[in-house]
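Working notes for the structure below.
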Amino acid sequence: NIISTNLVLDSKERVAKYIYDHTDDFFETKNIEIAEILGVSPETLSRILKFFKDNEIINVKNRYINKSALVEFF
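Okay, here's the thing in structure tokens:
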């Protein structure tokens, strides 16, 4: 599953799938750890998270995740 996820999905899709699958601990995990798990640079993860925040898919302050919007990315 991990191999197919890394080969088939691009970085934005991988981040969306990770957030969707790990909703409970997403806000507790450091970004650098998430980047390592997903095989993306911390800068790339930061840009993707900013995109999701700007499009109101996630809200870190309120700990909100729009799971239906995330599904559209993977």
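Numbers 347 to 420, taken from the numbering used here, label the letters of the sequence shown in order.
Glycine is no exception: its CB is placed at the ideal position from the N, C-alpha and C atoms.
Between the CA atoms of residue j and residue i - distance to the nearest angstrom
i, j, result
"glutamate 402", "aspartate 371", "19 Å"
"aspartate 356", "glutamate 374", "24 Å"
"glutamate 382", "lysine 396", "18 Å"
"lysine 418", "lysine 407", "The sequence shown places glutamate at residue 418, not lysine. Taking the straight line from one Cα to the other gives about 23 Å."
"lysine 376", "valine 354", "25 Å"
"tyrosine 366", "phenylalanine 420", "10 Å"
"threonine 369", "threonine 390", "20 Å"
"lysine 399", "asparagine 405", "6 Å"
Proximity to residue i [Cα-Cα], best of the options
i, options, result
"isoleucine 411", "Val354, Ser357, Val361, Asp356", "Val361"
Contacting residues, own chain, Cβ-Cβ under 8 Å from residue i (five flanking each side not counted)
i, result
"isoleucine 378", "Pro388"
"tyrosine 364", "Phe372, Ile380, Ile383, Leu384"
Cβ neighbours of residue i in the same chain (closer than 6 Å, five flanking residues each side left out)
i, result
"alanine 415", "Ile403"
"arginine 409", "Phe373"
Chain-order list of residues whose beta-carbon lies under 7 Å from that of residue i (same chain, five-residue window excluded)
i, result
"isoleucine 394", "Ser357, Lys358, Val361"
Start-to-end residues for the alpha helix (DSSP H) that takes in residue i
i, result
"arginine 393", "388–400"
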